[in-house]
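**Student:** Sharing a structure below in structure tokens format, with a few things to ask.
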Amino acid sequence: MNVYALIFYATAALITAATVLAITRRRAVHSVLFLVISFLGSAMLFYLLGSPFLAALQVIIYAGAIMVLFLFVVMMLKAEHGEENKFPWRFWGPGLLVGFLFFAAICVAVFSDPSGPVPLNLAMVTPKEFGRFVFEQYWLSVEIISLLLLLGLLAAIHLGKERGRVEEGQG
Amino acid sequence: MIVPYGHVLSLAGIIFCLGLVCVVARRNLIMILIGVEIMLNGAAIAFMGSGLLWQRLEGQAFVLFILGIAATEVSVGLALVLHAYRRSGSVDPDTYNVLKG
């Protein structure tokens, strides 16, 4: 086992532990903070798997922007009513069952795959090559994503308006 | 060489299943959105591993698109959560049982 495998398994353990903690916390703020740790771990994994550019994007967009958005909304809601006081098996039973069945199916699919035991080779792509590739081969998808982001912005503005302000603007 | 390809896929599967459990089991709209984020993250890890296995850039390009889609989904989803919270005063999905315009 070389040093890269050690880094991979340590990062995998970190991501899994942080995600398990995130989905079992009662307060949403705590789970958002654990999720930041999980996404920083995935950024390390992206770096290991050969893309420093996507690792930086993961830190900036996921761990930075998206999680801060979650934190703002959790603070705006002030909705920690203690609505999940207990550990209701009525909800967790089916959830764990579905998760376990799905995980078993994934395990069967992965371990019957002939390319499963193939070791991954180290490689790295520079941001320049990556940008050239994306804008030459997938320029249409980039345009579609930008349109999607614009529509998301419009929808967020429209839905997030206060009721009174809308009527005031219309009247 | 790093690790066998199957281990990366197994990690992605574990992350995806944790997100699925979060979506099914939690009774809080914020936690459901967080579960969707975790599932998207698992898919991104699988794409990165596959791109490295075949030494192609398509996997990383799709991770970039997943980032954009996740950002859009979170902004619209959180705006919807705020909208529903203003109407009903709760983020528990079980309380949304009135169809009224």
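Chains as they are written, first to last, in our numbering: chain W, 137 to 307; chain S, 257 to 357. Ideal placement from N, C-alpha and C gives every residue a C-beta, glycine not left out. Given the structure is predicted, the values throughout are model-derived calculations rather than measurements.
#1: Can you give me the start and stop residues for the alpha helix (DSSP H) that residue 230/W sits inside?
#2: What do you reckon, are the CB atoms on residue 278/S and residue 270/S nearer than 8 Å?
#3: Under 8 Å between C-beta atoms, does residue 231/W make it to chain S?
#4: So, for residue 261/W: in the same chain, excluding its five sequence neighbours on each side, which residues have a beta-carbon less than 7 Å away from its beta-carbon?
#5: For a contact meaning CB atoms closer than 7 Å, what does residue 275/W contact in chain S?
#6: Is residue 294/S close to chain W? Criterion is C-beta to C-beta, closer than 8 Å.
#7: Can you tell me where the alpha helix (DSSP H) holding residue 295/S begins and where it ends?
#8: Which residues, in chain order, does the region 203 to 215 of chain W contribute to contact with chain S at a C-beta distance below 8 Å?
#9: Closer than 6 Å by C-beta to residue 179/W: which residues in its own chain qualify, once you throw out the five before and the five after it? Chain order, please.
#10: Among the candidates 263/S, 293/S, 258/S and 267/S, whose CA atom is the shortest distance from the CA of residue 324/S?
#11: Three-state secondary structure (DSSP) at residue 306/W?
#12: Could you check where the alpha helix (DSSP H) with residue 314/S kicks off and where it finishes?
#13: Are the region 280 to 288 of chain S and the region 226 to 245 of chain W touching by the rule of at least three beta carbon pairs closer than 8 Å?
#14: Kindly list, in the order they appear in chain S, the residues whose Cβ is closer than 7 Å to that of residue 253/W.
#15: Could you compute how far the alpha carbon of residue 316/S sits from the alpha carbon of residue 245/W?
#16: In the DSSP output, which residue or residues are listed as bridge partners for residue 255/W?
#17: Give me the chain S residues within the contact set of residue 261/W, using Cβ-Cβ distance strictly less than 7 Å, ordered along the chain.
#18: Is residue 262/W helix, strand or coil when you go by DSSP?
#19: Give the residues of chain W in contact with residue 344/S, contact being defined as C-beta atoms less than 8 Å apart.
#20: Within the continuous alpha helix (DSSP H) that includes residue 140/W, where are the two ends?
#21: If I measure Cβ to Cβ from residue 304/W and keep anything under 6 Å in the same chain, skipping five residues before and after, which residues do I get?
#22: If you measure between the beta carbons of residue 338/S and residue 212/W, is that distance less than 8 Å?
#23: Are the CB atoms of residue 322/S and residue 268/S nearer to each other than 8 Å?
#24: Check the Cβ-Cβ distances between residue 159/W and every residue of chain S, and say whether any is below 8 Å.
#25: For residue 197/W, return the contacting residues in chain S, with the cut-off set at a CB-CB distance below 7 Å.
#26: Candidates 263/S, 287/S and 351/S: which alpha carbon is nearest residue 306/S's?
#27: Between residue 186/W and chain S, is any beta-carbon pair separated by less than 8 Å?
#28: Alpha carbon to alpha carbon, how far is residue 175/W from residue 155/W? Give it in angstroms, no decimals.
**Tutor:** Answer, in terms of the structure:
#1: It spans 225 to 247 - the alpha helix (DSSP H) in which residue 230/W sits, taken as one unbroken run.
#2: Their beta carbons are not under 8 Å apart, which means residue 278/S does not touch residue 270/S by this criterion.
#3: At least one chain S Cβ lies under 8 Å of residue 231/W.
#4: These residues qualify, in order along the chain: 186 and 187.
#5: Below the 7 Å Cβ cutoff, chain S contributes no neighbours of residue 275/W, its closest Cβ being approximately 11 Å away.
#6: With respect to chain W, the C-beta atom of residue 294/S has a partner C-beta closer than 8 Å.
#7: The continuous alpha helix (DSSP H) containing residue 295/S extends over residues 285 to 310.
#8: Answer set for the region 203 to 215 of chain W: 205, 206, 209, 210, 212, 213 and 215.
#9: Annotation for residue 179/W: 191, 194 and 195 place their beta carbon closer than 6 Å to its own, counting only its chain and skipping 5 residues before and after.
#10: Ranked by how close their Cα comes to the Cα of residue 324/S, the residues 263/S, 293/S, 258/S and 267/S have 293/S in first place.
#11: With a pLDDT of 46 at residue 306/W, under the threshold of 50, the modelled position of this residue cannot be trusted; read the value that follows with caution. Correct three-state label for residue 306/W: helix.
#12: Looking at the DSSP string, the run of the alpha helix (DSSP H) that includes residue 314/S is 314 to 344.
#13: Because the criterion of three Cβ pairs below 8 Å is met, the region 280 to 288 of chain S and the region 226 to 245 of chain W touch.
#14: Per Cβ cutoff of 7 Å: 260 and 262.
#15: The straight-line gap from Cα to Cα measures roughly 22 Å.
#16: As a beta-bridge residue in DSSP terms, residue 255/W pairs with 260/S.
#17: What residue 261/W touches in chain S: 313 and 316.
#18: The answer is coil: DSSP assigns residue 262/W none of H, G, I, E or B.
#19: What residue 344/S touches in chain W: nothing, since even the nearest Cβ is about 11 Å away.
#20: Counted as a single uninterrupted DSSP element, the alpha helix (DSSP H) harbouring residue 140/W occupies residues 139 to 160.
#21: Caution is warranted here: a pLDDT of 47 is assigned to residue 304/W, below 50, making its placement in the model unreliable, and the coordinate value is therefore given only provisionally. Excluding the 5 residues flanking it on each side, residue 304/W has no same chain C-beta neighbour closer than 6 Å.
#22: With respect to the 8 Å criterion, residue 338/S and residue 212/W are classified as neighbours on the basis of their beta carbons.
#23: For residue 322/S and residue 268/S, no; Cβs fall outside 8 Å.
#24: With respect to chain S, the C-beta atom of residue 159/W has a partner C-beta closer than 8 Å.
#25: The answer, in chain order, is 323 and 327.
#26: Taking only the C-alpha atoms, the option nearest residue 306/S is 263/S.
#27: At least one chain S Cβ lies under 8 Å of residue 186/W.
#28: For residue 155/W and residue 175/W, the distance between alpha carbons rounds to 9 Å.
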